[in-house]
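Right, one structure below, let's go through it.
Number of protein chains: 2
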Amino acid sequence: MSILVIGSVALDTVTTPFGAITEGLGGSGTHFAISASYYTDIHLVAVVGADFPAEHLRFLESRKIDLRGIEKVPGKTFRWTGKYDYDLNNAQTLKTELNVFEKFMPKVPDACRDIEYVFLANIDPDLQRQVIEQVKKPKLIACDTMNFWIQGKRDSLIRTISKVDILTINEGEARLLAKESNLIRAAKKIHAMGPKTIIIKQGEYGALLLHEEHIFSAPALPLEDIKDPTGAGDSFAGGFMGYLAKTGDLSLPSLKKAVIVGSAMASFNVEAFSCDRFRNLAMDEIRERYRLFKHLSHFDEIEL
Amino acid sequence: MSILVIGSVALDTVTTPFGAITEGLGGSGTHFAISASYYTDIHLVAVVGADFPAEHLRFLESRKIDLRGIEKVPGKTFRWTGKYDYDLNNAQTLKTELNVFEKFMPKVPDACRDIEYVFLANIDPDLQRQVIEQVKKPKLIACDTMNFWIQGKRDSLIRTISKVDILTINEGEARLLAKESNLIRAAKKIHAMGPKTIIIKQGEYGALLLHEEHIFSAPALPLEDIKDPTGAGDSFAGGFMGYLAKTGDLSLPSLKKAVIVGSAMASFNVEAFSCDRFRNLAMDEIRERYRLFKHLSHFDEIEL
Numbered sequence: 009m010s011i012l013v014i015g016s017v018a019l020d021t022v023t024t025p026f027g028a029i030t031e032g033l034g035g036s037g038t039h040f041a042i043s044a045s046y047y048t049d050i051h052l053v054a055v056v057g058a059d060f061p062a063e064h065l066r067f068l069e070s071r072k073i074d075l076r077g078i079e080k081v082p083g084k085t086f087r088w089t090g091k092y093d094y095d096l097n098n099a100q101t102l103k104t105e106l107n108v109f110e111k112f113m114p115k116v117p118d119a120c121r122d123i124e125y126v127f128l129a130n131i132d133p134d135l136q137r138q139v140i141e142q143v144k145k146p147k148l149i150a151c152d153t154m155n156f157w158i159q160g161k162r163d164s165l166i167r168t169i170s171k172v173d174i175l176t177i178n179e180g181e182a183r184l185l186a187k188e189s190n191l192i193r194a195a196k197k198i199h200a201m202g203p204k205t206i207i208i209k210q211g212e213y214g215a216l217l218l219h220e221e222h223i224f225s226a227p228a229l230p231l232e233d234i235k236d237p238t239g240a241g242d243s244f245a246g247g248f249m250g251y252l253a254k255t256g257d258l259s260l261p262s263l264k265k266a267v268i269v270g271s272a273m274a275s276f277n278v279e280a281f282s283c284d285r286f287r288n289l290a291m292d293e294i295r296e297r298y299r300l301f302k303h304l305s306h307f308d309e310i311e312l
Numbered sequence: 009m010s011i012l013v014i015g016s017v018a019l020d021t022v023t024t025p026f027g028a029i030t031e032g033l034g035g036s037g038t039h040f041a042i043s044a045s046y047y048t049d050i051h052l053v054a055v056v057g058a059d060f061p062a063e064h065l066r067f068l069e070s071r072k073i074d075l076r077g078i079e080k081v082p083g084k085t086f087r088w089t090g091k092y093d094y095d096l097n098n099a100q101t102l103k104t105e106l107n108v109f110e111k112f113m114p115k116v117p118d119a120c121r122d123i124e125y126v127f128l129a130n131i132d133p134d135l136q137r138q139v140i141e142q143v144k145k146p147k148l149i150a151c152d153t154m155n156f157w158i159q160g161k162r163d164s165l166i167r168t169i170s171k172v173d174i175l176t177i178n179e180g181e182a183r184l185l186a187k188e189s190n191l192i193r194a195a196k197k198i199h200a201m202g203p204k205t206i207i208i209k210q211g212e213y214g215a216l217l218l219h220e221e222h223i224f225s226a227p228a229l230p231l232e233d234i235k236d237p238t239g240a241g242d243s244f245a246g247g248f249m250g251y252l253a254k255t256g257d258l259s260l261p262s263l264k265k266a267v268i269v270g271s272a273m274a275s276f277n278v279e280a281f282s283c284d285r286f287r288n289l290a291m292d293e294i295r296e297r298y299r300l301f302k303h304l305s306h307f308d309e310i311e312l
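Order-wise, the sequence lines are chains A and B.
To convert a position in the first sequence, counted from 1, into the working numbering, add 8.
To convert a position in the second sequence, counted from 1, into the working numbering, add 8.
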């Protein structure tokens, strides 16, 4: 099945202890779409300015991503400038220039309103709800968010969350949203807001899947060389949703596999700046990494 | 096979957001010995003062722990006072009273010098080496330490580490010891100091086992009610070493199982203050928890 995604398409300027990139291809919608495109057809709804480099659109097209939902409007593309210190878990935002996103009203192309798998990448929760209102028969809606919206648009965000099946959220943001320091209790409070599945992203510690009364803990791949964590969460969500949409299987065992696929995609994303690792990533490398996650976390039965 | 352990036996005064205990039974040797006693015979080398409550010795004896190596000397027992905030990963030491530990010279009883499994719980690295010198034919020596010794007795600690097979260490302490922020690179530097197996304890995020070129990531059990994390690392080591000594199997699959047994014992330890959870813990509960860890972390093969 196809996936409809709304999110940002951005030009990111990022500095980490291991290098820097100026105005690289970024944005939550971009990272999600590229990652998910390994698994199924992706339809991206977003906005870019007149200054958006054509080469970036060509790269998205080369991944067979449907760009009919990308509006090109006068003005400047959304830009984010950030840096990371050695603690690569925490991005420090230096500058956010909304530009064309300030007046953006997402329009889902008519041809895409029947798509059953919907991902609302991290953007204004008002816009996320506008997309929900435009899809006709969603089978699975997942959404992501960030502290900026939890603090600045809490009520709107909670309305969006009440309409989704799956929420992906960072550990600290889950605590902030639920106003509860214990992660399991925080997840229970978020379950009560609507989503029956919550994925808590823990950066270099992996991710927790909380599905009804079940908990699954996915490790992160311990990596010696992390170049740039920007977009890791979106790449995770792309692999996760991509696998679910490809198989159409929403059972617990399938959700667990999807979390590992997502973790694998995130582990590739951080190996290079921007989306560059996906410019030459082959399916065989993904299969091999999935096996690595198994070696990393599986253990035998025991006699005690 | 039996285990010889040297470590502290202490009276701990601990405050957490969930309660407090005054002069409860504590100490690295105590927590290790009680946990490991579920798996094999434990021989504990330590020192207590004249004020050490007889009931604590009776509890250790009830766990069939050999106390011939515990010296009782005039003066006061070692005391530690600490507190935890909602971030239960970090203990804040309020007061350390070494008391009888100031002049302690560990003496391994003659009957215990042939023991092949040796655990050097967190104490002065000089004392840890004195124990190594007294054992005749160790098959496996593991040791634990803490930032206090990494910063205060670095050279002595590195001499101790050069003589052990396994080092268990907290994440932050591994970075401090190796002077390297990337955990995998830090582990490589520690491997070069001697131990071919390193266990990096990550608190609520679980533990990493780095054995030769292999990495295994064990989750922590997500717990809704954590009363007191004091001794979790020692309980982990007790389960880990206990399982290895019980089976005599030092292969990679066995090391992985031992890490999960250790994680299970740590998850029990934090459910109550002091060592209280072990006053009534049954083997069936441990088996059940091992299965829980499997549900928590295993996932199926995939077709991609």
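Just so you know, even glycine gets a beta-carbon here, dropped at the ideal spot from N, CA and C.
Collapsed DSSP secondary structure at Tyr251/A in the structure displayed: Under the three-state reduction of DSSP, Tyr251/A is assigned to helix.
My guess is that Ile198/A and Leu175/A are in contact by the Cβ rule of under 8 Å, so how many angstroms apart are they, rounded? 6 Å
Taking 9 Å as the CB-CB cut-off, is Ala228/A touching chain B? yes
Measuring CB to CB, does Gly57/A end up less than 9 Å from Lys84/A? yes
Any idea which residues DSSP pairs Cys151/A with across the strands? Partner(s): Leu128/A, Leu175/A.
Please look up how many angstroms separate the CB atoms of Ile208/A and Ile177/A, rounded, as I've assumed it's under 8 Å. Indeed they touch by this definition, with Cβ atoms about 6 Å apart.
Cβ shell of Ala194/A (< 7 Å), same chain only, five flanking positions each side left out: The answer, listed in chain order, is Ala182, Arg183, Ala186, Glu188.
Using 8 Å for Cβ pairs, my map puts Asp173/A next to Ile149/A. What's the rounded Cβ distance? 5 Å
So, do the segment 40–48 of chain B and the segment 238–258 of chain B have three or more beta carbon pairs nearer to each other than 8 Å? yes
When you compare the CB of Arg295/B with every CB in chain A, is at least one pair closer than 9 Å? yes
Quick one: using the 10 Å Cβ neighbour count with 16 as the cut-off for buried, is Pro261/B buried or exposed? Exposed.
Using a C-beta cutoff of 9 Å, does Arg71/B count as contacting chain A? No, Arg71/B does not count as interfacial toward chain A.
Cβ-based neighbour list, Arg287/A, same chain, cut-off 8 Å, excluding 5 preceding and 5 following: Phe67
Less than 9 Å between CB atoms is the rule here; does Ile323/A satisfy it with respect to chain B? This structure leaves residue 323/A out entirely; chain A is present only between 9 and 312.
Could you tell me the boundaries of the alpha helix (DSSP H) in which Ser70/A lies? 62–70
Excluding the 5 residues preceding and the 5 following Glu105/A in the sequence, name in chain order all residues of the same chain whose CB lies nearer than 6 Å to its CB. Arg87
Cβ-Cβ separation, Leu312/A to Ile294/B (assumed contact under 8 Å), whole Å: 6 Å
By how many angstroms is the C-alpha of Gly160/B removed from the C-alpha of Arg167/A? 54 Å
In chain order, what residues of the same chain lie with their CB nearer than 6 Å to the CB of Asp74/A, ignoring the 5 residues before and after it? His51
State buried or exposed for Tyr94/A, treating a residue as buried only when at least 16 other CB atoms are found within 10 Å of its CB. exposed
For Lys171/A and Gly202/A, I'd like the C-alpha separation in whole angstroms. 7 Å
Going along the segment 160–185 of chain A in order, which residues come within less than 7 Å of chain B, judged by CB to CB distance? Listed in sequence order: no entries.
Could you name the residues of the segment 209–235 of chain A whose beta carbon sits closer than 9 Å to any beta carbon of chain B, in the order they occur along the chain? Residues of the segment 209–235 of chain A with a C-beta atom less than 9 Å from some C-beta of chain B are Gln210, Glu212, Tyr213, Gly214, Leu216, Leu218, His222, Ile223, Phe224, Ser225, Ala226, Pro227, Ala228, Leu229, Pro230, Leu231, Glu232, Asp233, Ile234, listed in chain order.
Straight-line CA distance for Thr38/B to Ala18/B? 8 Å
What number of angstroms, rounded off, separates the C-alpha of Gly27/B from the C-alpha of Ala54/B? 28 Å
Which residues bound the alpha helix (DSSP H) around Glu141/A? 133–142
Nearest to Lys265/A (by Cα), restricted to the options Asp242/B, Ser305/B, Asp292/B, Asn277/B: Answer by Cα proximity: Ser305/B.
One question on the structure: do Ala119/A and Val13/A come within less than 9 Å of each other, judged by their Cβ atoms? no
Between the Cα of Lys196/A and the Cα atoms of Ala245/A, Lys147/A, Leu217/A, Gln210/A, which residue gives the shortest distance? Leu217/A
Thinking C-alpha only, which one of Arg71/B, His219/B, Gly32/B is nearest Asp20/B? Ranked by Cα distance from Asp20/B, the first of Arg71/B, His219/B, Gly32/B is Gly32/B.
Please name the residue in Arg162/A, Asp292/A, Lys72/A, Asn155/A whose C-alpha comes closest to that of Gly180/A. Asn155/A
What residues of chain A sit near Asp308/B, judged by a beta carbon separation below 8 Å? Pro261, Lys264, Lys265
Given this structure, state the Cα-to-Cα distance separating Asp59/A from Leu258/A, to the nearest angstrom. Distance between the alpha carbons of Asp59/A and Leu258/A: 40 Å.
Should Ser70/B be labelled buried (16 or more other beta-carbon atoms within 10 Å of its own) or exposed? Sixteen is the threshold: since fewer than 16 other Cβ atoms of the shown chains lie within 10 Å of the Cβ of Ser70/B, the residue is exposed.
Taking the C-alpha atoms as reference points, what is the distance between Tyr284/A and Gln210/A? The question names Tyr, yet the displayed sequence has Asp at residue 284/A. Between Asp284/A and Gln210/A, the C-alpha separation is close to 23 Å.
By the 9 Å beta-carbon criterion, what residues does the segment 24–48 of chain A contribute toward chain B? Among the residues of the segment 24–48 of chain A, those with a Cβ less than 9 Å away from any Cβ of chain B are Pro25, Tyr46, Tyr47, in the order of the chain.
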